[in-house]
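Residue numbers (the numbering used here): 18 to 189.
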């Protein structure tokens with residue numbers, strides 16, 4: 018019984034010391050490298066930098082998607098990420114591939130567009146993107162195989178006369 022209490026006490030101490038209140042800063046932003054202005058100034062500077070720097074466009078796109086220091090706008094966030102991806106930013110390729118594969122609140126998944134961005138990321142040696150590329154291609158193949166032409170469907174099922182041949186006669 019004493020050993021069990023000591024064991025729980027040691028586990029509790031280990032858990033509490035492992036959970037610190039301050040999280041280490043694992044990701045940075047382009048703006049805070051020596052910038053001394055306020056939050057509005059930093060966003061304006063980031064928007065100006067995003068026009069020429071793909072990394073800044075990627076950072077701005079993430080800020081728009083999360084609503085971090087700026088009003089959340091998924092459309093502008095996606096535009097910024099696409100601009101960064103078109104200028105060759107590797108992180109933007111991965112982010113765009115994941116966004117298009119899973120979809121967002123306003124848009125559904127688009128496996129063809131996801132495959133395009135994931136192919137670029139996988140071509141740069143990203144192993145996770147190669148795995149996601151296989152999923153995107155499978156989803157694209159599923160969409161292609163399950164495609165039903167709406168005009169053909171409407172013509173066949175909504176025809177005024179749906180007759181078929183049974184026992185030597187046309188039956189409605």
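Just so you know, even glycine gets a beta-carbon here, dropped at the ideal spot from N, CA and C.
Cut-off 7 Å between Cβ atoms - residues of its own chain near residue i, not counting five sequence neighbours on either side
i: residue 138; result: 107, 110, 111, 114, 146
i: residue 98; result: 75, 78, 109, 112, 113
i: residue 64; result: 77
DSSP-derived helix/strand/coil call for residue i
i: residue 164; result: coil
Contacting residues, own chain, Cβ-Cβ under 6 Å from residue i (five flanking each side not counted)
i: residue 278; result: The chain is shown from 18 up to 189; residue 278 falls before or after that span and cannot be answered.
i: residue 83; result: none
i: residue 153; result: 118, 128, 131, 132, 135
i: residue 23; result: none
i: residue 20; result: none
Exposed unless 16 or more other CB atoms sit within 10 angstroms - verdict on residue i
i: residue 167; result: exposed
i: residue 143; result: buried
i: residue 81; result: buried
What alpha helix (DSSP H) runs, 4 residues minimum, are completely inside the segment 58-85? Every unbroken stretch of the alpha helix (DSSP H) spanning 4 or more residues and falling wholly within the segment 58-85 is given here in chain order: 71-83.
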